[in-house]
Amino acid sequence: MNNLTTFIEMGGHGLYIWSAYGITAVVFAYNIVRPILMRKEIISAQRRLLQQQAKPAGKENS
Amino acid sequence: MRFFSLPDYQLIMLNWFHRLGAPRSFYEISGRLLPVLWVLSGLSILTGVIWSLGFVPEDYQQGNSVRIMYIHVPAAIVAQSGYAMMAVAGAVFLIWRIKIADVALQCAAPIGASITFLALVTGAIWGKPTWGTWWVWDARLTSTLVLLFLYLGIIALRSAMENRESAGRATAMLALVGVVNLPIIKYSVDWWFTLHQPSSFSLGEKPAMPAEMWIPLLVMVLGYYLFFFTLWATRMRVEILNREFRTDWVQRLVVGS
Chain A
1 MNNLTTFIEM
11 GGHGLYIWSA
21 YGITAVVFAY
31 NIVRPILMRK
41 EIISAQRRLL
51 QQQAKPAGKE
61 NS
Chain B
63 MRFFSLPDYQ
73 LIMLNWFHRL
83 GAPRSFYEIS
93 GRLLPVLWVL
103 SGLSILTGVI
113 WSLGFVPEDY
123 QQGNSVRIMY
133 IHVPAAIVAQ
143 SGYAMMAVAG
153 AVFLIWRIKI
163 ADVALQCAAP
173 IGASITFLAL
183 VTGAIWGKPT
193 WGTWWVWDAR
203 LTSTLVLLFL
213 YLGIIALRSA
223 MENRESAGRA
233 TAMLALVGVV
243 NLPIIKYSVD
253 WWFTLHQPSS
263 FSLGEKPAMP
273 AEMWIPLLVM
283 VLGYYLFFFT
293 LWATRMRVEI
303 LNREFRTDWV
313 QRLVVGS
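Shown next, in the form of structure tokens:
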């Protein structure tokens, strides 16, 4: 337990070190998630468009 | 009079290659490479983080705050060389009109902006305990801030222009003009008196720190490069799906998945 607290405190520099690593982790996570979400968005938008095109033209009237 | 006398079928082939062949083959090849890239970049960054936080010795002057170096220096290096690679993509697009180069240019900008942001923020956090200040308007810091604005400018310029072709050309020009900033960042610590220390790493020179400190730094630099390429290729694949929507192979992929 003592070891853990000295590791977290980092000789008084803990706040600086952990915030720097934390911000880096957040920005990395954003960069990983962002293209995954964009891909989903693009694919579902394109699928909707394809389905609309596939519908026969006179179908709305019936 | 035509300058080149290529037979028509070759011109058609070349044209076809430029228009369709490149994005599709990029999509397929990168799809096979990416799992390996994800694993390699994840492993090297994880190794570097554990090493720098848990095993690197304290610096005799800076104490524990030296651990910030392991995320600051790689971010600063990749921020600059990422910009150089993006500018090369811009030049390729301007000269040869290769569509995939414009995709590369577009997709590098947000990643580069993120990494430049990290270089600035981690630098500020490191500066506080070592220099006693978060920020000074010295040459190294200011030119790196300009680098961030260049990346953001490229993103903004593209989103402001409707026509993809002219947006591609304009952003490529801006990217190329911004290259002037790179030597300014690099040599700022030699040209002007700055608070920022000279580079801790340069090719072909022995690092000015013990091996137990620079080897983990090298691992982190490698990890950041791999991560940059991984994110770059991932974003490019998404953008290819977006741009090549009218092609059969993308429509088949959309319906199939």
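Chains A and B, in that order, give the protein sequences. Residue numbering for the first sequence follows our numbering, starting at 1 and increasing by one per position. Residue numbering for the second sequence follows our numbering, starting at 63 and increasing by one per position. Every residue, glycine too, gets a C-beta built ideally from N, C-alpha and C. Only a predicted model underlies this, so the values are computations on that prediction, with no experimental measurement involved.
Using beta-carbon distances, Thr24(A) counts as an interface residue toward chain B, with a partner under 9 angstroms.
Contact of Val33(A) with chain B by beta-carbon distance below 7 angstroms is absent, the smallest such distance being about 11 angstroms.
Between Leu210(B) and Phe179(B), the beta carbon gap of about 6 angstroms places them in contact (Cβ cut-off 8 angstroms). Along the stretch 293-314 of chain B, the positions whose C-beta sits under 7 angstroms from a C-beta of chain A are Leu293, Thr296, Arg297, Val300, Leu303, Asn304, Phe307, Gln313, read in chain order.
Annotation for Trp188(B): Ser127, Ile130, Met131, His134 place their beta carbon closer than 8 angstroms to its own, counting only its chain and skipping 5 residues before and after. At least one CB atom of chain A sits nearer than 9 angstroms to the CB of Trp188(B).
Residue pairing for Asp121(B): DSSP places it in a beta bridge opposite Gly125(B).
At a cut-off of 9 angstroms between C-beta atoms, Leu50(A) counts as an interface residue with respect to chain B.
Among the residues of chain B, those whose CB is under 8 angstroms from the CB of Ala20(A) are Ile130, Ile133, His134, Val183, Thr184, Ile187, Trp188, following chain order.
Secondary structure note for Glu224(B): it is in no alpha helix (DSSP H), with a DSSP letter that is neither H nor E. Secondary structure of Glu306(B) (DSSP, three-state): coil. For Leu108(B), the nearest beta carbon of chain A is not closer than 9 angstroms to its own beta carbon.
Minimum Cα-Cα distance from Cys169(B) among the listed residues Leu96(B), Val183(B), Ala201(B), Met147(B) corresponds to Met147(B).
In this structure, Val208(B) sits near Asn243(B), with a CB-CB distance shorter than 9 angstroms.
Bounds of the alpha helix (DSSP H) holding Pro191(B) are 161-193.
For Glu90(B), the uninterrupted alpha helix (DSSP H) segment begins and ends at 84-116. Leu303(B) and Ile42(A) do touch by the CB rule: their CB atoms are close to 6 angstroms apart, below 8 angstroms.
Looking only at Ala222(B), Leu212(B), Leu102(B), Arg226(B), the smallest Cα-Cα distance to Leu236(B) is reached by Leu212(B). Of the residues Ile217(B), Ala222(B), Ala137(B), the one whose Cα lies closest to the Cα of Ala181(B) is Ala137(B).
The closest CA to that of Phe291(B), considering only Glu274(B), Val111(B), Gly144(B), is found on Gly144(B).
Taking all protein chains in view, the Cβ of Thr6(A) is surrounded by fewer than 16 other Cβ atoms within 10 Å, so the residue is classified as exposed.
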